[in-house]
Amino acid sequence: MRITQDYSIQSLLSQVNSTRERISTLQRNLSTGKRLNQISDDPSGVETAMRYRSLLKYNEQYQKNIKDSSEFLTFTSNALQNSSDIIATIKELTIQGIDSSSNDEFDAVAEQLNELVEEFVETANTRFKGRFIFGGSNVSTTPFTLAPDFSSVSVNPEGVDGELKAELGQGNIDRYNITGQEAYLESIDVFQTILDVRTAFMNHDAAALDTLIPDMDNALDQVLSANTKAGARINRFELLETQFQGEDIRLKEFLSGVQDTNEPEAIVNLQIEQTALQTALQTLAQTVNISIIDFI
C-alpha cells in the first residue's frame, strides 16, 4: 500500500510539473505573440521560420536594388527628355535659319546656340548621386568635354559604353543604364551635328543648314530611341517590384503561420491547463493528506 501511494504521489508530481511547464510556455507565447521562442519549442518550425526570414531578407535586398536602378533610370530618362527638347529647339532654329537672309539674325541665333550647346553637354554630363549617368561603366569620370572655342566635344578616352548591372532577383542580373554611346554617338554624333549647326549660323550659311536637317532628325530619333529603352526598363523594374511585394506578403503570411501565437487557441489551452493543474493539485493534496495551501 505504501509503495502504491508513493508511486501515485510521484506520478501526480510529474503531472503537476509538466502542466506548469505547459502553462509557462503558453503564457510566454501570449506575452511575446510568438509560439517559437527557442529551438526546443518546435525544431522543425524554427527551421522553416529561418528559411522564410532568409527569403524575406533576400527579397528586401532585391527590392532595394530595383528601387536604386529605377531611380537611376528615371533620372536618365529626364536627362534624355531634356536632351531631345534641346535638339528640337535647335532644329526649329535651323529651319528658321534656312529662310533667313539677315546676318544679324544669324549672329543672334549663333549666340543662342552657344547657350544651347553648353546646356546640351551639361545635360550629357548629368550626375545622379555623384555618378555620371552617361559615362557607361566609368561613372566617376566626366564623359564629355566641350572645347572652349566650341569646335568639338571630346569623349572620355576610357569610353562611355560600359554597362551597369544589378542583381534584381535570384539569377536575374539586369542592366540599368543607358550609355553615352547609345544616346549621343551610336548612329550619329549628336554633339558634332549641333556644333555643325552652330558653325553654319556663324558662317551665315543657309545652304549648310538645309543639308543638316536630316542629321537633326536622326539625332532626335537616336535620343528618343534611347529614352524609349529607358522607359521600357523602368516599366519592367516596376513590374518586378510589384511581384516581390506580392511575394513578401505571402512569405510573411507563411512566417506568421509558423511562428506567431494563435491567441484564441492559446487562451483556451491555457484555461484547460490551469484547470488541469488545479485538479492535479487537489488530487495530490488528498493523496498525501495535506491541503493545497500547505503544498504550495
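Residues 54 to 349, numbered by this note's numbering, are exactly what the sequence shown covers, in order. Backbone N, C-alpha and C define an ideal beta-carbon position, used for all residues, glycine too.
- Gly215 and Ile226 have their C-alpha atoms spaced approximately 15 angstroms apart.
- By DSSP's assignment, Glu220 forms a beta bridge with Ile226.
- When DSSP reads this structure, Ser207 sits in a beta bridge with Thr198.
- The residues Tyr229, Asn230, in chain order, have a CB closer than 6 angstroms to that of Leu217 in the same chain once the five nearest residues on each side in sequence are set aside.
- Around the C-beta of Asp157, fewer than 16 other C-beta atoms lie within 10 Å, and the residue is accordingly described as exposed.
- By a beta-carbon distance limit of 8 angstroms, Thr195 contacts Phe185. Their separation comes to about 7 angstroms.
- In the three-state reduction of the DSSP assignment, Phe181 falls in the strand class.
- At a Cβ-Cβ threshold of 8 angstroms, Leu166 and Ile143 count as neighbours.
- One Cα belongs to Glu175, the other to Gly150, and the distance between them is close to 25 angstroms.
- Within the same chain, Tyr115, Asn118, Ile119, Ser122, Asp227, Phe290, Leu293 come within 8 angstroms of Leu221 by CB-CB distance, once the 5 residues on both sides are set aside.
- Here Gln275 is buried, its C-beta having at least 16 other C-beta atoms within 10 Å.
- Taking C-beta atoms as the reference points, Ala279 and Ala219 fail to come closer than 8 angstroms.
- Only residues of its own chain outside the window of five on either side were considered, and among them Phe159, Ala259 have a CB closer than 7 angstroms to the CB of Ser153, listed in chain order.
- Shown here, Asn191 sits in coil according to DSSP, grouped into three states, outside any helix or strand.
- Taking 4 residues as the minimum length, the alpha helix (DSSP H) runs contained wholly in the stretch 84-168 are 96-151, in order along the chain.
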